[in-house]
Every structure is written in C-alpha cells, then in structure tokens.
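Student: Position one of the sequence shown corresponds to residue 4 (this note's numbering), numbered consecutively onward. Got a structure for you, written out below as structure tokens; questions coming shortly.
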Amino acid sequence: MTTPLYEVEVLQHEADARLIQQFLLSDAAFDDPRTTPGEVAYFHAMPYDALAGRCVCLYVRNERGEIAGCSSYKENEQQTGGYEWDYLAVHRDYRKLGLALVLYEAMLERLREAGARYLLTYTCSLEQYGPVRKLFDRCGFVLTGRCPDYYYEGEDRLVYYLDLRGANAN
Numbered sequence: 004m005t006t007p008l009y010e011v012e013v014l015q016h017e018a019d020a021r022l023i024q025q026f027l028l029s030d031a032a033f034d035d036p037r038t039t040p041g042e043v044a045y046f047h048a049m050p051y052d053a054l055a056g057r058c059v060c061l062y063v064r065n066e067r068g069e070i071a072g073c074s075s076y077k078e079n080e081q082q083t084g085g086y087e088w089d090y091l092a093v094h095r096d097y098r099k100l101g102l103a104l105v106l107y108e109a110m111l112e113r114l115r116e117a118g119a120r121y122l123l124t125y126t127c128s129l130e131q132y133g134p135v136r137k138l139f140d141r142c143g144f145v146l147t148g149r150c151p152d153y154y155y156e157g158e159d160r161l162v163y164y165l166d167l168r169g170a171n172a173n
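Shown next, in the form of structure tokens:
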C-alpha cells in the first residue's frame with residue numbers, strides 16, 4: 004500500500020478557518036484529553052489570527068477534503084528573525100503516515116525563505132507527547148528548558164530550540 008501524497012495548504016479562507024478550529028477542538032486532534040483554558044482559547048482564535056496575518060497556519064486535507072492535520076507558527080515579538088512553532092496536530096486516523104513531517108518541512112521551507120534565524124517550540128512532558136518529542140529530536144531540535152507544572156500540576160513544559168542557520172537544521 005502506498006501512502007497518498009498530501010498537499011500542504013496555507014490558511015486563507017474563513018470556511019477553512021472554521022474547519023481547522025473544529026478539528027483542533029475535536030477529540031481526534033490530541034491524545035491528551037485535558038486541554039487548558041488557554042489552549043481552548045488558542046484553538047478558537049488561531050485560525051482567525053492566521054487570516055489576519057498574525058501567524059501562519061498550514062494544513063493538509065484527507066481524501067474527503069477534511070482536515071487531516073495542521074500546524075501554526077509566527078515570528079516572535081522581538082521581530083528579529085526568531086520564530087515560534089505552535090501547535091502541531093494530526094488527526095488520529097492519519098498518524099504514522101508522515102503528515103507531521105510533511106507539515107514541518109513545509110514550515111521549514113517557508114522559514115528559510117523568510118531568512119529565519121531560529122525556531123522555538125514547546126511540548127508537554129506527559130507520555131502522550133512522546134511522538135512529538137521524537138519528531139523534534141529527529142529534526143535536530145535541542146531541549147533547552149523545562150518549566151515545571153506549566154500546564155497542570157505534574158505537566159511540565161519542555162522548550163526546544165532549532166538553529167536554522169546551523170548544521171542541525173534538517
């Protein structure tokens with residue numbers, strides 16, 4: 004069986020923003036059922052922030068035109084070439100097909116074109132987030148920090164850094 008090719012799209016239309024919002028708020032987007040109030044607010048706002056140019060949202064559709072995965076990133080507040088990679092979500096029915104890597108590579112290409120210096124990203128220390136931590140390791144990110152009990156008690160925030168000018172940038 005061959006894996007279908009997925010085209011990465013840049014969010015540009017309100018109808019797609021609604022679909023992405025619904026996907027991010029669905030049970031199929033994340034394995035951790037405990038979202039924080041801030042995450043819920045972000046999932047509501049991010050697609051519309053992307054339409055307003057405050058971030059970039061990349062996504063892929065499945066063969067039925069439904070959202071199979073999405074990711075967002077933005078330049079940080081210093082506006083000196085540093086970027087933050089926010090949520091990466093792949094529908095549970097489409098995991099292990101390489102969609103996370105497809106979304107990452109599309110983002111990386113856009114960041115290089117923009118002359119980005121580095122990329123920061125974050126994830127949770129819980130076991131459910133092991134696959135994304137493996138992706139970060141595979142892509143050359145370095146774990147640079149831990150914020151204890153950041154999300155909830157016992158759920159640390161892990162901070163990852165990728166130098167886009169260095170040899171580690173895959």
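Ideal Cβ positions, reconstructed from N, Cα and C, are used throughout, including at glycine.
(1) Does D52 come out as helix, strand or coil in the three-state DSSP assignment?
(2) Name, in chain order, the residues that DSSP records as bridge partners for K77.
(3) So for Y9, helix, strand or coil by DSSP?
(4) DSSP beta-bridge partners for G126?
(5) Where do the N-terminal and C-terminal ends of the alpha helix (DSSP H) with G1 fall, by residue?
(6) Just to confirm the assignment, what range does the beta strand (DSSP E) spanning R64 have?
(7) Can the beta-carbon of F121 be found closer than 9 Å to that of L91?
Tutor: Judging by the given coordinates:
(1) Mapped onto the sequence shown, residue 52 falls at position 49. Residue state, collapsed to three classes: helix.
(2) For the purposes of this step, residue 77 is taken as residue 74 along the sequence shown, with counting starting at 1. Paired residues: E87.
(3) Counting from 1 along the sequence shown, the entry for residue 9 is found at position 6. Note: Y9 maps to coil in three-state DSSP.
(4) Residue numbering aside, residue 126 sits at position 123 when the sequence shown is read from its first letter. It should be noted that the sequence gives Thr, not Gly, for residue 126. L161, per the DSSP bridge assignment.
(5) Residue 1 lies beyond the stretch modelled for the chain, which goes from 4 to 173, so this question has no answer here.
(6) Residue numbering aside, residue 64 sits at position 61 when the sequence shown is read from its first letter. Per DSSP, R64 belongs to the beta strand (DSSP E) from V59 to R64.
(7) To locate residue 121, count along the sequence shown from 1; it is residue 118. To locate residue 91, count along the sequence shown from 1; it is residue 88. According to the sequence shown, residue 121 is Tyr rather than Phe. No.
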